[in-house]
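Take the sequence shown: its position 2, counting from 1, is numbered 587 in my numbering, and each next residue is one higher.
Idealized CB from N, CA, C, for every residue including glycine.
Keep in mind the model is a prediction, meaning the values are calculated, not measured.
The next block holds one structure in the form of structure tokens; read it before the comments.
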Amino acid sequence: MMYAYADRHMWVEDLAVTDFPSYALCVNHASRLSAPLGWTLTDRRTGARLFGSLEVA
């Protein structure tokens, strides 16, 4: 999970093997993640998308 505070944006990416400023999350915590009010959350992982749009019946 990474943040861009100035843009009020956060995103989830695949776990990296190199160190960079981010927070590693397990699948359970990533699936319950929500952005603060007024922020945008983007899921950029290559696996299953947890934050996709919902289909309305």
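- Nearest in C-alpha terms to Val612, of all of Asp592, Leu622 and Val597, is Val597.
- Residue pairing for Val597: DSSP places it in a beta bridge opposite Asp628.
- In the three-state scheme derived from DSSP, where H, G and I count as helix and E and B as strand, Tyr608 is classed as coil.
- Only residues of its own chain outside the window of five on either side were considered, and among them Asp599 have a CB closer than 8 Å to the CB of Gly632, listed in chain order.
- Straight-line measurement puts the Cα of Ala609 at about 19 Å from the Cα of Arg593.
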